[in-house]
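**Student:**
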Amino acid sequence: MREGIDPASMHNYQQFLASLDAALQRARDALDSQQQRVQQSQQQWQQEQKRLSAYDTLSSRRHAELQKHEARREQRNSDEMAAGRLIRQRPERDS
């Protein structure tokens, strides 16, 4: 005697498989969506990193300019002080 599956059980089994397929497809769709979000976020992060790098470069240049300006000012003050000492050290000429 052959035993088979009754039509109602077969129908339920097919519906179960269909629901599994649908759940798998939803999971794949969600994964694709999240991967796209990750990719977009990475691109945005890279753009922000480039922007930050540009600001860092500008800041470094400005800092170097300020240091150069300060060094010039200190050198000028030093030169003026040395010139003042030289003038004070010269003997006055009597005319």
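According to the working numbering, the sequence shown is numbered sequentially starting from 4.
Heads up, the beta-carbon is just placed ideally off N, CA and C, and yes, glycines get one too.
Every value quoted in this text rests on a predicted model; they were computed, and no experiment measured them.
1. Determine the DSSP secondary structure at G7, reduced to helix, strand or coil.
2. Using the C-alpha atoms, what's the distance from Q28 back to V41?
3. How long is the line joining the alpha carbons of S22 and I8, rounded to whole angstroms?
4. Do you know offhand how far R91's Cα is from E83's?
**Tutor:** The answer reads as follows:
1. Coil at G7, not helix or strand.
2. The alpha-carbon atoms of V41 and Q28 are separated by roughly 20 Å.
3. Whole-angstrom Cα-Cα distance: 20 Å.
4. So the two alpha carbons sit approximately 12 Å from each other.
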